[in-house]
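J.: Take a look at this one; I'll ask things after.
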Ligand SMILES: Nc1ncnc2c1ncn2[C@@H]1O[C@H](COP(=O)(O)OP(=O)(O)OP(=O)(O)O)[C@@H](O)[C@H]1O
Ligand SMILES: [Mg+2]
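Residue numbers (the working numbering): 708 to 1298.
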C-alpha cells in the first residue's frame, strides 16, 4: 500500500512525505495494515529490492501545515523474501513509500518457527510477536541489564523457560545441555521458570549443614584456586600451600612424620610443636605430655615432670630412656578424605616452616582461615570423585546462595564455573562441540565487581568469568548475566557479551557504560533507555539484525520468580491481610 514518497537522500539520512494523514489501522483487500508511526517500518523499492527504513522522526512541513515530513533510517533490504542488514541499497528520491506487509515483518523477525524463543511483542506494534532464534542467542554470552524492578528477572525467566520448553520437547539429555543458575537471593526455587519436577534445586546454607550438597572433587582444584579459597598472600602463605600440595603427591608416610616431630621436640622447636599440638590433635597423639621450659632452649619436661636437658651429656642414656617412654608414644593417624589430608598437610607445612626458624606471625592466619573454610565447605560440599558436569540429570540446576555467608557466596559460583569450564575444555572437540553449558548469574554485580586487591576472592571470581567470556564459546560454555548496575561489572565482561536485553536504566554511569561497551546501539536507542516501562527493553547484539524494542511477556504466576513488587492495598496487598490489623491495646485497668 503506497502512503507517500521519498523527498531527500543524503547518505543514510533520508526524508519522505505522506500523501495524506493516515489512521492507526487500515484495511485493504481484507488485509489489515498498521498505520505508520515512530519506530515502525516502511519500505521503498529499488528495482526488485525493497529497502527497509525505520521511521525515526516526524514533523509538519513549514510550507504546508497539512503535510507531514518523515525522517527515516535505512536498516537493510529485502531481496527475494530474505532480509539482509546494511546499506547496500539506498532509497531513490521520488520513489514511493509503502507500508510493511505481514510477509515483510516475517522476513525481519521470524526464522524457523520451532527453533524460536517467543519472548514477547514488538513494543511499538504490540500485535507483532517477537521471537528470537535459538541458535543465535542461547549459544552466546548474554547480558540483561536494567534498574531494580525494570523486569530483568522476568526476562531471564522467560528466556530460560522458552529454551527449556524446546529442550523438553526434543528430550535432550542433561549431559548434552544443562543450565546452571546461581541464585543469589533464592528467587528461583519451587516452580520458578519450570515446575519443580523438571529441575534440581540445591538450596545451600552455611547456618547448618545443607540438605542437598554439591558433590565436589577437591583434588581437581588448582594451586591457585586453593590459594583463593584460603585468601592466601602470595609471598608468605602461597609457598606453604604449594608445599602442602607437594607433600600430598606421595603416599602418607606416618613414620617419617613421627621422626620429624621427635626431632623437633629434641631440638626444642617450641612453636612448631605447639602448632601441631593445638591444630592437629585429631591426627597426632602423644604430644600433650611435653612442655618446654621458658628461657631454656635445650630442655623439655616430660609427663613424669622430669626435666630433660640436652646440654648435659650425662643425660644421653636417659634420653634414650625417654624415647621409649614419651617420644615413642607419639602416633600419627592418617587422614581419610582429600580435604582432611589437605588440612593435615597444610598445618604440617606450617610446622616445617617453623622448624626452619621462621616467624609464624604471618602464616598462622592461614590455619584459622583453613579451619573456618573447612567448616563451611562441609556444610555445602560433599567430597565425590564425580565430574561436576554430572551434577544432576535435570536440564536446569538452581544453586541457591541466599543463606550462605558472603565469602561462600562469592566463592561458589566461580569455583563451580571454573570446574565446569575445565571439564568442558577436556572434551574431545575434534568432531565439533557436542555439549552446551549455560551459566546464569542473576544480580551479577555482587560477584563480578572488579576488585581493588589483586589476589582476593573477588578478583579471582572476576578472572574466572573473564576467562569464560573470552574462551567459553570454543568449549560450549556460555554466560547469562543479569544486573542492575552494569557499570559495577568488569568491563572485560560487559563488552564481550554477544547479546543484550537492556531494560530501563536511569543512572548516568550505567547508561554511559552501556554506550561505551555495547557496540550495537545508536544514540537514539541509548536515549530511550531512561523512559522504558517495566518489562520493556531493547534487544540488541550479534543474534539480531538490528536493535529491537520489545515488551517481554510476563511469566505465568506459577512459574514466576520470587521477585514481585510489594503491594500494600488491594487483592493480596499486605495491608489487606487480617494478620496485619493492629491488635487494639485494651485500656489499662489496674483492677
Ligand atoms: N514484562 C513485564 N510486563 C509487566 N510487568 C512486568 C514485566 N516484567 C516485570 N514486571 C513487573 O515488575 C516487577 C519487577 O520485575 P522483576 O523482578 O523482573 O524486576 P528486576 O529488574 O529483576 O528487579 P531487581 O533488580 O530488583 O531484581 C514484577 O513485580 C513484575 O510484576
Ligand atoms: Mg531481579
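Where a beta carbon is used, it is the ideal one built from N, C-alpha and C, also for glycine.
Mind checking whether residue 1128 and residue 1184 have CB atoms under 8 Å apart?
T.: As a working mapping, residue 1128 is identified with position 421 in the chain shown. As a working mapping, residue 1184 is identified with position 477 in the chain shown. Their beta carbons are under 8 Å apart, which means residue 1128 touches residue 1184 by this criterion.
J.: For residue 1217, is the classification buried or exposed, using 16 other Cβ atoms within 10 angstroms of its Cβ as the cut-off for buried?
T.: Sequence index remark: in the chain shown, residue 1217 carries index 510 (1-based). When all chains shown are included, residue 1217 counts as buried.
J.: Ignore the nearest five residues each way along the sequence and tell me which others in residue 948's own chain have a CB closer than 6 Å to its CB.
T.: Reading the chain shown from its first residue, position 241 is the one you call residue 948. Hits under 6 Å: 933, 934 and 939.
J.: Span of the alpha helix (DSSP H) holding residue 1182?
T.: Residue 1182 sits at position 475 when you count from the first residue of the chain shown. It spans 1164-1182 - the alpha helix (DSSP H) in which residue 1182 sits, taken as one unbroken run.
J.: Which partner residues does residue 908 have in the DSSP bridge list?
T.: Translated into the one-based positions of the chain shown, residue 908 becomes position 201. Paired residues: 1105.
J.: Can the beta-carbon of residue 678 be found closer than 8 Å to that of residue 898?
T.: What the structure shows of the chain is the stretch from 708 to 1298, and residue 678 is not part of that stretch, so it cannot be assessed.
J.: Just mark residue 732 as buried or exposed, buried being the case when its beta carbon has 16 or more other beta carbons within 10 Å.
T.: Residue 732 sits at position 25 when you count from the first residue of the chain shown. Exposed, because fewer than 16 other Cβ atoms sit within 10 Å of the Cβ of residue 732.
J.: Label residue 1193 either buried or exposed according to how many other C-beta atoms from any shown protein chain fall within 10 Å of its C-beta, with 16 as the threshold for buried.
T.: Sequence index remark: in the chain shown, residue 1193 carries index 486 (1-based). By the neighbour-count rule (16 or more Cβ atoms within 10 Å), residue 1193 is buried.
J.: In this structure, how does DSSP classify residue 1235 when only helix, strand and coil are distinguished?
T.: For the purposes of this step, residue 1235 is taken as the residue at position 528 of the chain shown. Residue 1235: helix per DSSP, three-state reduction.
J.: Between residue 1126 and residue 927, is the Cβ-Cβ spacing less than 8 Å?
T.: Position 419 of the chain shown, counting from 1, holds the residue named residue 1126. Position 220 of the chain shown, counting from 1, holds the residue named residue 927. Residue 1126 places its beta carbon less than 8 Å from that of residue 927.
J.: Thinking residue 1095 and residue 909 are a contact (beta carbons under 8 Å), I'd like their distance in whole angstroms, please.
T.: Locating residue 1095 in the chain shown gives position 388, counting from the first residue. Locating residue 909 in the chain shown gives position 202, counting from the first residue. Actually they do not touch by this definition, with Cβ atoms about 12 Å apart.
J.: Ligand 2: which residues have Cβ under 6 Å from any of its heavy atoms, chain order?
T.: Any residue whose Cβ sits closer than 6 Å to a heavy atom of ligand 2 makes the list: 859, 860, 1149 and 1270.
J.: Please classify residue 1069 as buried or exposed, where buried requires at least 16 neighbouring CB atoms within 10 angstroms.
T.: Mapped onto the chain shown, residue 1069 falls at position 362. It counts as exposed.
J.: So, are the CB atoms of residue 794 and residue 719 less than 8 Å apart?
T.: Residue 794 sits at position 87 when you count from the first residue of the chain shown. Residue 719 sits at position 12 when you count from the first residue of the chain shown. Yes; because the gap between Cβ atoms is below 8 Å, this pair is in contact.
J.: Is residue 778 closer than 8 Å to residue 764 when the C-beta atoms are compared?
T.: Counting from 1 along the chain shown, the entry for residue 764 is found at position 57. Counting from 1 along the chain shown, the entry for residue 778 is found at position 71. Contact: yes.
J.: With H, G and I counted as helix, E and B as strand and the rest as coil, what does DSSP make of residue 1253?
T.: Mapped onto the chain shown, residue 1253 falls at position 546. Three-state result, residue 1253: coil.
J.: Nearest-angstrom Cα distance between residue 989 and residue 972?
T.: By one-based count along the chain shown, residue 989 stands at place 282. By one-based count along the chain shown, residue 972 stands at place 265. Approximately 19 Å between the Cα atoms of the pair.
J.: Do the region 782-797 and the region 865-878 touch if we need at least three Cβ pairs shorter than 8 Å?
T.: no
J.: Cβ-heavy atom distance between residue 1205 and ligand 1 below 7 Å?
T.: By one-based count along the chain shown, residue 1205 stands at place 498. Not under cutoff, so the answer is no.
J.: To the nearest whole angstrom, what separates the beta carbons of residue 875 and residue 747, a pair I think is in contact under 8 Å?
T.: In the chain shown, residue 875 corresponds to position 168, counting from 1. In the chain shown, residue 747 corresponds to position 40, counting from 1. Rounded, the Cβ-Cβ distance is 35 Å, inconsistent with contact.
J.: For residue 1213, does the three-state DSSP call read helix, strand or coil?
T.: Taking the first residue of the chain shown as position 1, residue 1213 is located at position 506. In this structure, residue 1213 counts as coil in the three-state DSSP scheme.
J.: Kindly indicate the opening and closing residues of the alpha helix (DSSP H) around residue 1124.
T.: The residue labelled residue 1124 in the question sits at position 417 within the chain shown. From DSSP, the alpha helix (DSSP H) with residue 1124 extends over 1113-1132.
J.: Measuring only from the beta carbon, is residue 1157 closer than 7 Å to any heavy atom that is part of ligand 1?
T.: Here residue 1157 refers to the residue found at position 450 when the chain shown is read from its first residue. Not so, every heavy atom of ligand 1 lies at least 7 Å from the Cβ.
J.: Quick check on the burial criterion: 16 or more other C-beta atoms within 10 angstroms. Buried or exposed for residue 811?
T.: The residue you call residue 811 lines up with position 104 of the chain shown. Classification of residue 811: buried, given that the 10 Å Cβ count is 16 or more.
J.: From residue 1100 to residue 791, what does the alpha carbon distance come to, in whole angstroms?
T.: As a first step, residue 1100 is located in the chain shown; it is residue number 393 there, counting from the start. As a first step, residue 791 is located in the chain shown; it is residue number 84 there, counting from the start. Using only the alpha carbons, I get a separation of about 41 Å.
J.: Pull up the distance between the alpha-carbon of residue 1116 and that of residue 977, whole angstroms please.
T.: Here residue 1116 refers to the residue found at position 409 of the chain shown. Here residue 977 refers to the residue found at position 270 of the chain shown. In a straight line, the C-alpha of residue 1116 is about 39 Å away from that of residue 977.
J.: Taking DSSP's pairing of strands, which residues face residue 929 in a bridge?
T.: The residue labelled residue 929 in the question sits at position 222 within the chain shown. Residue 929 pairs with nothing; no bridge assigned.
J.: By alpha-carbon positions, which one of 738, 799, 728 and 717 ends up nearest to residue 754?
T.: Reading the chain shown from its first residue, position 47 is the one you call residue 754. Per the Cα distances, 799.
J.: Take residue 1170 as the anchor and find which of 1182, 1155, 840 and 890 has the nearest alpha-carbon.
T.: Looking up residue 1170 in the chain shown gives position 463. Nearest C-alpha to residue 1170: 1155.
J.: To which residues of the same chain is residue 1233 closer than 8 Å at the C-beta, ignoring the five residues directly before and after it?
T.: Taking the first residue of the chain shown as 1, we reach residue 1233 at position 526. Answer for residue 1233: 1218, 1221 and 1222, listed in chain order.
J.: On a Cα-Cα basis, can you pick out the residue from 835, 1055, 737 and 1079 that is closest to residue 952?
T.: What you label residue 952 is simply residue 245 of the chain shown in a count that begins at 1. When only C-alpha atoms are compared, the closest one is 1055.
J.: What would DSSP say about residue 1144, mapped onto helix, strand or coil?
T.: Here the question's residue 1144 lines up with position 437 in the chain shown. It is a strand residue.
J.: Can you tell me whether residue 942 is helix, strand or coil according to DSSP?
T.: As a working note, residue 942 is residue 235 in the chain shown. Residue state, collapsed to three classes: coil.
J.: For the beta strand (DSSP E) that residue 1264 lies in, which residues bound it at each end?
T.: Position 557 of the chain shown holds residue 1264. Careful: residue 1264 lies outside any beta strand (DSSP E) and carries neither H nor E.
J.: If we call anything under 8 Å between Cβ atoms a contact, is residue 847 one with residue 1134?
T.: As a working note, residue 847 is residue 140 in the chain shown. As a working note, residue 1134 is residue 427 in the chain shown. No, these two residues do not count as a Cβ contact at 8 Å.
J.: On the three-state DSSP scale, how would you describe residue 1247?
T.: Counting from 1 along the chain shown, the entry for residue 1247 is found at position 540. Reduced to three states, the DSSP call for residue 1247 is strand.
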